[in-house]
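Input: a single structure, listed below in C-alpha cells.
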Amino acid sequence: VDGQHNEHLVPSELSEANVKARSEKVTKSEPFLPCSFENSLSTDEGENTKTGVINNLDFCSKNDNVFQVPFPPLPSVGSTLSVVVTHITDDGVIWSQPISWSSDVTQLCQELLNIFGAFNSKSIKQNMIVWRIGDICVSPFENDKLWYRAEIKDICKCRAEVFYLDFGNSAWVNLIDLEKIPSHLVDKHRMCYSLKLDDISLFPTPVLNPSTIKEINKLIISVESNIVVRDIEESTHLITVSINSLIFYLKQ
566 VDGQHNEHLV
576 PSELSEANVK
586 ARSEKVTKSE
596 PFLPCSFENS
606 LSTDEGENTK
616 TGVINNLDFC
626 SKNDNVFQVP
636 FPPLPSVGST
646 LSVVVTHITD
656 DGVIWSQPIS
666 WSSDVTQLCQ
676 ELLNIFGAFN
686 SKSIKQNMIV
696 WRIGDICVSP
706 FENDKLWYRA
716 EIKDICKCRA
726 EVFYLDFGNS
736 AWVNLIDLEK
746 IPSHLVDKHR
756 MCYSLKLDDI
766 SLFPTPVLNP
776 STIKEINKLI
786 ISVESNIVVR
796 DIEESTHLIT
806 VSINSLIFYL
816 KQ
C-alpha cells in the first residue's frame, strides 16, 4: 500500500526531541533505519574494544583519499519497488532506500558503531588528516551520535559539508570529527536511490518550493511507499518513478 507509515528512521532534519521520542518506539525485532540506532544497535563490544577493532583493520591510506563508493545496482524499467524515503532535496530529488536493503543498512551502521564507538565531538586529535573535497570518509550525524559513510562536498575553514552516501542528505560537521573509512567498507554499494517524479510537469511551476519541500519531508520521510520505475538516466543514476501517495499529496 502506498504511503504506509512504518517506524523507519533516518539521519535527517529531525529535532532531538523527535529523535528520542520516535526511537523509543523501535524494538530490535522491528525493521528500522537510523536514527533509531542509538537505542537499537548493540554497544556491547565485549573483548573487541574500540581500540582493538581499529588496530586490526585496514584503512584507506593517505594516498587513497579520493575514490568512489559504487552506485547501487539499477532496477529494471517497469519494476515495482518498496522503498523508504530518506530525504527530499530542494530541487525535488527524492532519496529512498529499498526495503530489501534494510538489513544491509543496519549491519553497516552497526559495524561503524562497533569500530568507532558512540560519537563524541573532539577538541584535539592526533595525526590530523588533511581532507579534500571529494574524499570519502566516515562522518558522525550529531542528532543521533552515530557514524555513516559520507563524501566531502565542501570545506570552509574547519568545517566540511558532507553528503551521507546511504541516505541522501547532507550536513556540516567539524573536520576534526571525520574518520578514515575502513577499506572493506569502500566496495559496498550505496544504499539509496535518487528518484524524480515522472508527472511533476502536471503541477504549476515552481512546484517544489522550499515550503513545499518542508511539508513533503514532514509527510513522507521514513514512510514506506511503492514506486514504479518509469525511466533511468544511467549516466546520472537518476530514476524516474511514480509514487502514488506523493502525487496525491501534491494535488491537494
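Residues in the sequence shown are numbered from 566 upward in steps of one, following our numbering. In this text, a Cβ means the ideal position worked out from N, Cα and C, and glycines have one as well.
Among the options, the one whose alpha carbon lies nearest that of residue i
| i | options | result |
| --- | --- | --- |
| Ser686 | Val642, Phe706 and Ser644 | Phe706 |
| Ile804 | Ser787, Leu760, Ile785 and Ile778 | Leu760 |
| Glu798 | Asp763, Ile778, Lys783 and Lys779 | Asp763 |
| Phe889 | Ser704, Trp660 and Ile786 | Limits of the chain in this structure are 566 at one end and 817 at the other, which puts residue 889 out of reach. |
| Thr777 | Ile664, Ser641 and Asp656 | Asp656 |
| Leu740 | Cys721, Pro747, Asp752 and Val751 | Cys721 |
| Leu677 | Asn708, Pro747 and Asp752 | Pro747 |
Minimum Cβ-Cβ distance from residue i to chain B less than 8 angstroms
| i | result |
| --- | --- |
| Asp731 | Although the question refers to chain B, the structure presented lacks it and comprises just one protein chain. |
Residue burial classification, residue i (beta-carbon count within 10 angstroms, cutoff 16)
| i | result |
| --- | --- |
| Cys723 | exposed |
| Ser605 | Low per-residue confidence applies at Ser605: pLDDT is 47, beneath 50, and the placement is therefore not dependable, though the value from the model is reported in the following sentence. Flag for Ser605 reads buried. |
| Arg697 | exposed |
| Glu540 | Only positions 566 to 817 of the chain appear in this structure, which leaves residue 540 out of reach. |
| Lys718 | exposed |
| Ser668 | exposed |
| Phe813 | Only weak support exists for where Phe813 lies, its pLDDT of 47 falling under 50; the coordinates are left without a value. |
| Thr651 | buried |
| Asp796 | exposed |
| Asp700 | buried |
| Pro775 | exposed |
| Lys783 | exposed |
Close beta carbons around residue i, own chain, < 6 angstroms, minus the five adjacent residues each side
| i | result |
| --- | --- |
| Ala683 | Lys710 |
| Ile563 | Residue numbering for the chain in the displayed model covers 566 to 817; residue 563 lies beyond these limits and cannot be assessed. |
| Gly733 | Thr651, His652, Trp660 and Cys757 |
| Ile664 | Ser647 |
| Lys615 | Confidence at Lys615 is low in this model, with a pLDDT of 46, below 50, so its placement is unreliable and no value can be given for it. |
Sequence-distant residues of the same chain with beta carbon closer than 7 angstroms to residue i, five excluded per side
| i | result |
| --- | --- |
| Val670 | Leu598, Gln662, Asp731 and Met756 |
| Trp666 | Met756 |
| Gly643 | Val794 |
| Glu726 | Lys718, Asp719, Ser735 and Trp737 |
| Lys627 | Residue confidence is low: Lys627 scores 47 on pLDDT, short of 50, so the model does not pin down where it sits. Its coordinate-derived value is still stated next. Excluding residues within five positions, none has a Cβ falling inside 7 angstroms. |
Beta-carbon gap between residue i and residue j smaller than 8 angstroms
| i | j | result |
| --- | --- | --- |
| Phe636 | His749 | no |
| Tyr713 | Cys674 | yes |
| Asn792 | Val648 | The sequence given here has Ile at residue 792, not Asn. Cβ atoms of Ile792 and Val648: closer than 8 angstroms. |
| Leu646 | Cys702 | no |
| Ile786 | Lys745 | no |
Cβ neighbours of residue i in the same chain (closer than 8 angstroms, five flanking residues each side left out)
| i | result |
| --- | --- |
| Pro638 | His754 |
| Ser807 | Leu762, Asp763, Asp764, Ile792, Val793 and Arg795 |
| Ser641 | Val794 |
| Glu716 | Val634, Gly699, Asp700, Ile701, Cys702, Val727, Phe728 and Leu730 |
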